Every structure is written in C-alpha cells, then in structure tokens.
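Colleague:
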Amino acid sequence: MPKLKTKSGAKKRFKITGTGKVVYAQAGKRHGMIKRTNKQIRNLRGTTTMFEGDAYNVKKYFLPNG
1 MPKLKTKSGA KKRFKITGTG KVVYAQAGKR HGMIKRTNKQ IRNLRGTTTM FEGDAYNVKK
61 YFLPNG
C-alpha cells in the first residue's frame, strides 16, 4: 500500500488538538465588514472546534496522518 498523503489545502485550514478535536478559523471575515454588526464581527474572531460528524470526515479523508 502506498503512503496516504495529507491534502495540502486541509493542512492550511485545520489543526488537530491534543484531545483529537479539529480546530478551524471561522468564516465570514474576509470582506464586507460594513454590513455586519459589531456583535457578528466580535463573535467571528479566533478559532472554534468543528462538530463531531464533520471532524470525523476531515480526519479520515483529509488529515489521515494527523
């Protein structure tokens, strides 16, 4: 069997924590900040953990060695 390669796009977007959760940067802050409320902008800061079902797929298909 050949080695499984990590998807290069996934390694830039996701990180696996020590406990095995997947962390990602929140979407929606690239442009168009004028039309968003200050509360929205504030809540989109930083990173968040991915839902369990989505995280399972990311770890299985995109980050097999992570």
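Under the UniProt record's numbering, residues 1 to 66 are what the sequence shown spells out, in order. Ideal Cβ placement from N, Cα and C applies to all residues, glycine included. Since this is a predicted model, take the numbers as computed values, not measurements.
1. Leaving out the 5 sequence neighbours to the left and right, which residues in its chain are closer than 6 Å to Lys15 when beta-carbon positions are compared?
2. Secondary structure at Phe51, three-state DSSP: helix, strand or coil?
3. Determine the DSSP secondary structure at Ala27, reduced to helix, strand or coil.
4. Would you mind sorting Lys29 into buried or exposed? The rule is 16 or more other CB atoms within 10 Å of its CB.
5. Pop quiz: Lys21 and Phe62 are said to be a contact at Cβ under 8 Å. What is the actual Cβ separation, rounded to whole angstroms?
Modeller: To lay it out plainly:
1. Reading the sequence shown from its first residue, position 15 is the one you call residue 15. Same-chain partners within the cutoff: Val23.
2. Along the sequence shown, read from residue 1 onward, the residue named residue 51 stands at position 51. Phe51 falls in the coil class under three-state DSSP.
3. Locating residue 27 in the sequence shown gives position 27, counting from the first residue. Coil.
4. Here residue 29 corresponds to residue number 29 of the sequence shown, with the count starting at 1. So Lys29 ends up on the exposed side.
5. Counting from 1 along the sequence shown, the entry for residue 21 is found at position 21. Counting from 1 along the sequence shown, the entry for residue 62 is found at position 62. So it is not a contact: roughly 15 Å between Cβ atoms.
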